[in-house]
Every structure is written in structure tokens, then in C-alpha cells.
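Asker: For reference, the structure I am asking about is given below.
Residue numbers (the numbering used here): 31 to 287.
So this is what it looks like as C-alpha cells:
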């Protein structure tokens, strides 16, 4: 009798229903069921994500996430956030966060990253006549140099970690921040090398400084819910196939010229 009780209890413990109840639901299942993919983005970072005045978004990350959502049978719902509140808004409101997000160990404490979709790095952008002047961190970190940065992101963290003598000025509008250099209100900005390449084409008079040899190695990825390995596996597989089929390169080429 005792043996029979043990067998019955063990059977219940490892029954399919019991195991299903112990397995936490993935965000992947929720997205498929609701047919909605909630996407957080600061929307101020060319060429990755830019919020238009009409509330819509454009950029290479936007095109990529639209493609991923289509493969999921879902519609994208964009949620505007900011760099200082990115992680909080993502955790409370979104399934995924995009828009030129650098992979950092600090962010990894609170969320998963997808596989990196772009290798990038921090590079200066300055007025073209000053390119030779700002070739290294040591060149920049001087009392007579003013560095402008957007608040709350990896650009500001890089500047504060590496520049102890240079003056660091925080400018809240990341879409017009580069004009501060042209106006003479700052000497340079540190940003992702790919953005410095785009901005030098958008703003004559500005030049990226050695974007092919950035001051710091970096990677771009999307934020996903911490611990959701099922959702991460799907997004990573989608990204792998997008690169293998040429879709990724086609989208990036439209935005990085």
C-alpha cells in the first residue's frame, strides 16, 4: 500500500499538467496570442530610431522590428521613452526595447540582450578643422575642452568614466545635440561610430574622428525580458535568418549610407 502511494504521488509530480504549471509562460506566447508587440524606444538616435512629429517612428531598428513582428503575426505598438527611464519603461510597458542600445553589463543585470546585431564603438565627432586635435582620450581630456552628451545613456557614462579634466555638458535634445558643436557651444560629442558617420553627412562642417577605429569596442542589441530564454531564442533565430537571407544588410544599407 505504501509503495502504491509513492508511485501515485510520483506520477502526479511529473505529470504533463504539473510540469506545464511549473513552466513560466514566455513573452513569446503572449505576443503571439495578443498579436501585439510592444516596443520601447527613446526615438532620438539616428540612424536606429527617430520619433517623427506625428508620433510615428523611423530608422533601421524600426524596420527590423517591424519585420520581426510580421514573422510573429503581430502589430508593433511603439512606446516613447527616454534614456534615463529606458529600463523602467521597458520592464513596465514593453516586450522589447530598441533604438541604438549599447550592450552593457549594467543593463544585463536587469534584462536579457538579443545576440548583437551590430559591432560598434564610441567615437568623437567634432568640427572638421578639429579632427587632428581629438585623436585620443588623452587629447580630449583637457581642461579647455567641452564635451556635450545626451543624458542617461552609455554616451554619458563613457564620458564621465574617461574624462576627468574636460568639461562635460549635458544637452537634453539628442536630435539637435550635434548643432551645439557647430554653434561653438561644445568642442565634440562622443557617440556610436555609426551615428557619427551618419551625422557628418547630415551636418556639413562636422566630421567623425576615426569611426573605423573607435575609442572603445561596443555592440548593439535589443533588450528582452530577463530570464525569458524562449523569447530570446526566437528573436535570435529571426535575426540569424535575417542576416543569412540578406534582409538585414538591405535594411541597414537604406539607413547607413
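Where is the CB? At the ideal position from N, CA and C, for every residue including glycine.
Specify the secondary structure class of residue 70 as computed by DSSP and reduced to three states.
Answerer: strand
Asker: Out of 132, 170 and 165, which one is the CA nearest neighbour of residue 250?
Answerer: 132
Asker: So residue 286 packs on residue 77, CB below 8 angstroms; how close in whole Å?
Answerer: 6 angstroms
Asker: Residues in the same chain with beta-carbon distance under 6 angstroms from residue 188, minus the five sequence neighbours each way, listed in chain order, please.
Answerer: 152 and 220
Asker: Does the beta-carbon of residue 43 have 16 or more other beta-carbons within 10 angstroms, so that it is buried, or is it exposed?
Answerer: With a pLDDT of only 49 at residue 43, under 50, the local geometry of the prediction cannot be trusted, and the value read off the model is given with reservation. The residue is exposed, with fewer than 16 neighbouring Cβ atoms inside 10 Å.
Asker: On a Cα-Cα basis, can you pick out the residue from 155, 140, 59 and 98 that is closest to residue 212?
Answerer: 155
Asker: Let's test the definition: count the other Cβ atoms within 10 Å of the Cβ of residue 266 and tell me whether it reaches 16, buried, or not, exposed.
Answerer: buried
Asker: Quick check: the Cα distance between residue 239 and residue 216, rounded to an integer number of angstroms?
Answerer: 15 angstroms
Asker: Look up residue 275 in the DSSP assignment and say whether it is helix, strand or coil.
Answerer: helix
Asker: Quick one: grab the DSSP three-state call for residue 236.
Answerer: strand
Asker: Quick one: using the 10 Å Cβ neighbour count with 16 as the cut-off for buried, is residue 222 buried or exposed?
Answerer: Answer is buried; the Cβ neighbour count reaches 16.
Asker: Just how far apart, CA to CA, sit residue 294 and residue 118?
Answerer: Examination of residue 294 is not possible in this model, given that the chain is present from 31 through 287 alone.
Asker: Per DSSP, which one or two residues make a beta bridge with residue 156?
Answerer: 218 and 237
Asker: Compare the Cα-Cα distances from residue 112 to each of 181, 56 and 172 and report the closest residue.
Answerer: 181
Asker: I need the straight-line Cα distance from residue 116 to residue 141, nearest angstrom please.
Answerer: Within the model, the alpha-carbon separation for residue 116 versus residue 141 is close to 11 angstroms.
Asker: Is residue 196 closer than 9 angstroms to residue 226 when the C-beta atoms are compared?
Answerer: no
Asker: What are the start and end residues of the alpha helix (DSSP H) that includes residue 242?
Answerer: Element bounds for residue 242: n/a, residue is neither H nor E.
Asker: Can you grab the Cα-Cα spacing for the pair residue 95 / residue 161, in whole Å?
Answerer: 35 angstroms
Asker: For residue 278, does the count of other Cβ atoms within 10 angstroms reach 16, so buried, or fall short, so exposed?
Answerer: By the neighbour-count rule (16 or more Cβ atoms within 10 Å), residue 278 is buried.
Asker: So, with DSSP's three-state summary, where would you put residue 48?
Answerer: Only weak support exists for where residue 48 lies, its pLDDT of 48 falling under 50; the coordinates are left without a value.
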